[in-house]
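For the sequence shown, the numbering used here begins at 1 and goes up steadily by one.
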Amino acid sequence: MTYTIAQINQMSLNDFVQALGSVFEDTPTIAAQTWHKRPFRDREHLYQGLISQMLELSDEEKMALMRSHPDLGSRLKMAPDSIAEQAGAGLDRLSPQEYDRFMALNQAYKQKFGFPFIMAVKGQTKEAILTAFEARLNHDFQVERERALEEIAKIVQFRLGDRLIDYSTLRGNEVQ
């Protein structure tokens with residue numbers, strides 16, 4: 001379902017979390033905390049509120065958020081948004097060899113960093129994802145932690161785009 005920013009601003013806490021809680025993988029508390037920042041002028045203002053709330057998390061909470069993300073190419077149970085995003089990148093149709101490669105990279109990445117490889121896969125190809133996977137395995141922990149949070153922010157932006165009608169882009173930045 002899609003909403004206008006006016007509808008989002010009018011929602012109760014429970015309705016807000018129901019509508020937007022899944023923009024962060026298995027972490028609806030970020031949306032719940034962001035609800036208190038209403039009213040939002042537009043989708044970008046809401047996005048900035050969500051991301052600032054994410055960045056205010058403790059290091060332990062950020063690690064929990066990162067660890068809530070599924071392995072790319074995995075056949076394990078995952079959130080509906082993740083299923084759709086991975087399917088869009090073809091990760092639900094891996095050959096046995098591709099599947100083995102993704103699983104080996106997932107394991108190596110988690111072993112090195114302590115959280116899954118996170119990449120906003122919407123609009124990406126399997127090949128681009130594998131290239132990024134291999135390159136990012138060479139990073140140190142701090143660089144990769146920051147990159148994972150940047151990728152989560154991209155994922156949130158994509159997911160908000162799927163949930164909100166942004167009239168400001170259509171009508172010259174009017175507040176709805």
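Built from N, CA and C at the ideal position, the CB exists for glycine as well.
These numbers were taken from a predicted model, which means no experiment stands behind them.
Cβ neighbours of residue i in the same chain (closer than 6 Å, five flanking residues each side left out)
i: Val175; result: Low per-residue confidence applies at Val175: pLDDT is 43, beneath 50, and the placement is therefore not dependable, though the value from the model is reported in the following sentence. Contacts found: Arg41.
Cβ-based burial, residue i [other Cβ within 10 Å; buried from 16]
i: His69; result: buried
i: Glu85; result: buried
i: Asp71; result: buried
i: Gly49; result: buried
i: Val143; result: exposed
Close Cβ partners of residue i (< 8 Å) along its chain, the five nearest in sequence each way excluded
i: Asn173; result: With a pLDDT of only 47 at Asn173, under the threshold of 50, the placement of this residue in the model should not be trusted; the figure read from the coordinates follows. Cβ within range, chain order: Asp42.
i: Thr125; result: Ala89 and Gly90
For residue i, the nearest candidate out of the options (CA to CA)
i: Tyr99; options: Gly73, Lys37, Phe115 and Gly90; result: Gly73
i: Arg118; options: Glu60, Ala153, Ala87 and Asn14; result: Note that residue 118 corresponds to Ile in the displayed sequence, not to Arg. The candidate whose alpha carbon is nearest that of Ile118 is Ala153.
i: Gln157; options: Glu127, Leu130 and Ala120; result: Ala120
i: Ala79; options: Pro116, Ala128 and Val23; result: Val23
i: Ala31; options: Glu44, Arg67, Pro39 and Val17; result: Val17
i: Leu65; options: Leu13, Leu160 and Ala148; result: Ala148
Spatial neighbours of residue i in its chain, beta-carbon cut-off 7 Å, leaving aside the 5 residues before and after
i: Pro96; result: none
i: Phe141; result: Phe113
Alpha-carbon spacing of residue i relative to residue j, whole angstroms
i: Lys37; j: Arg145; result: 26 Å
i: Leu20; j: Leu137; result: 31 Å
i: Phe102; j: Arg163; result: 30 Å
Requested in this report: Would you be able to state if there are at least three C-beta pairs under 8 Å between the segment 96–112 and the segment 45–54?
Outcome: no
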